[in-house]
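Data first, discussion second: the structure below is written as structure tokens.
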Amino acid sequence: MPDTTSDTTEAPTRRDALKYGGTLAAGSLLAGCSELVGQDDGAEGTDSQGSYEACIEPVGCLSLEEVPESWMALTGPWADMAVALGQRDGFRPAGWYPEPYFYDRVGVSMPTDVPNPLAGGGWDKELFYELDPDIILCDPNYLHGTGFDDSWDESDTEEIGETVAPFFGNNIVRRREFHDYELYSLYEAFDRLADVFDERERYEAFVDVHDDLWAEIDSNLSADRDRPEIGLINFGSDLESGEFAAMTTDSEGLEMKQYRDLGIKSAFSDEQTDGMLDYESMLAVDPEIIVVHGGVRLTDETGEFSASAFHDQFVAPLSDHPVGRQLTAVQNDAVYPGPYFQQGPIVSLFQTELVARLLYPETFGAFDSDRFPDVTEDEQLFDRQRVADIINGEI
1 MPDTTSDTTE
11 APTRRDALKY
21 GGTLAAGSLL
31 AGCSELVGQD
41 DGAEGTDSQG
51 SYEACIEPVG
61 CLSLEEVPES
71 WMALTGPWAD
81 MAVALGQRDG
91 FRPAGWYPEP
101 YFYDRVGVSM
111 PTDVPNPLAG
121 GGWDKELFYE
131 LDPDIILCDP
141 NYLHGTGFDD
151 SWDESDTEEI
161 GETVAPFFGN
171 NIVRRREFHD
181 YELYSLYEAF
191 DRLADVFDER
201 ERYEAFVDVH
211 DDLWAEIDSN
221 LSADRDRPEI
231 GLINFGSDLE
241 SGEFAAMTTD
251 SEGLEMKQYR
261 DLGIKSAFSD
271 EQTDGMLDYE
281 SMLAVDPEII
291 VVHGGVRLTD
301 ETGEFSASAF
311 HDQFVAPLSD
321 HPVGRQLTAV
331 QNDAVYPGPY
341 FQQGPIVSLF
351 QTELVARLLY
361 PETFGAFDSD
371 RFPDVTEDEQ
381 LFDRQRVADI
391 INGEI
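When you line the sequence shown up against this note's numbering, it's residues 1 to 395, in that order.
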């Protein structure tokens, strides 16, 4: 940035170019779509001085003079998107992310010792100041709208946006009570983040990989082919105590992207997904396939997915229970680890491949819990090396 100041005036910093060049001043930080400035589709605009805009609800349009060099993301989707756009070096982690073993497969080393911004029972405001990022990739309403910290209110969020770094993000995992504005799809959000980092070419290359994966799936699954129903249960289910948290497969947000895209239906009714089920209720439904939402989170001491840990936590209690062992899914060895909701464009590729193999083994190859996420090359639904090349800028 050119230094146009006198000897007695401090030069504007990179942070100034981000914080003060945009529309995200106090009062508009948490605005909805009515506050979007000159924005219809999220496309980047550039003025004659070289600054550019990136826009997203609910924050509005951020005007930048320089690409952010450092960034913070509280959740996996936004961290994954930024890494996919070649921004790993600027990552200042604090939050909840996918397991690093996914990224290992595409040549990216992700942090394993990550601060929990809620470790003290509330949002750690000082952590934001300590990390001091150029931009915070998060829906600002997430901080005060989720209820994770009753002592944190909108003024605290505004303080962070004004004194640390601007926010840029949308709560795309699922629709929460506070989310009364647009909820973007994964690739709609990814498109807008590509504007922030000026990485249109990498974004479009990922779109091609994503489209090729789905073209491969669609070419092998006719539109009129029956789609299986699954008994999707939350990772927090306590099978030792007989408490099953039943879930739907078609809720809004990227959390259920794989199931919606594949047309997979839930074996549970809407009423059943509102509370906990016991073993007798599960047997009454008797799903042919049981999938544990987020089961891929279980890892061993090396950081790889642990088939034995999954068996001990979810399969063994079912098999040991007098009612549980009567379930068709248990008898047919069809209790599987499912995708984790903390996914972005990188992890989504692996987890789409996972669901396709879980539910259509005769078409895409049988799931092997001891090898996941590795798949023989002839059964891979996407090219790992191509993804690595895009991340590295070899497009």
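Each residue gets a CB set at the ideal place from its N, CA and C atoms; glycine is no exception.
Short Cβ contact (8 Å threshold) for residue i with residue j
i    : j    : result
I233 : V292 : yes
F197 : Q87  : yes
L127 : I264 : no
G50  : S70  : no
P58  : N116 : no
R192 : A54  : yes
V108 : A94  : no
G236 : A246 : no
L85  : E199 : yes
Unbroken alpha helix (DSSP H) run spanning residue i, endpoints
i    : result
Y52  : Not the alpha helix (DSSP H): Y52 falls in the beta strand (DSSP E), residues 52-56.
V83  : 76-84
L143 : 141-145
V207 : 200-220
I391 : 384-391
I264 : I264 -> no alpha helix (DSSP H), and no H or E assigned at all.
I395 : It is not in any alpha helix (DSSP H) - I395 carries neither H nor E in the DSSP assignment.
L193 : 186-197
V67  : Where V67 is concerned, there is no enclosing alpha helix (DSSP H), given that its DSSP letter is neither H nor E.
F364 : 361-364
Q331 : 328-331
P100 : 100-104
Buried or exposed (CB count within 10 angstroms, at least 16 for buried), residue i
i    : result
Y101 : buried
D300 : exposed
Y129 : exposed
P373 : buried
R227 : exposed
P345 : buried
V387 : buried
T249 : buried
A82  : buried
T302 : exposed
Supposed contact pair residue j and residue i - C-beta distance, whole angstroms, cut 8 Å
i    : j    : result
V173 : T75  : 7 Å
L327 : M282 : 6 Å
W78  : G145 : About 16 Å separates the two Cβ atoms, so there is no contact after all.
Per DSSP, the bridge partner or partners of residue i
i    : result
S109 : According to DSSP, S109 bridges with nothing at all.
L62  : A54
Y336 : V291
F244 : L277
D238 : E243
Residue interval of the beta strand (DSSP E) (run including residue i)
i    : result
G344 : Taken as a continuous stretch (DSSP letters only), G344 belongs to no beta strand (DSSP E), as it is neither H nor E.
E229 : 229-234
I290 : 290-293
A73  : 71-73
I135 : 135-137
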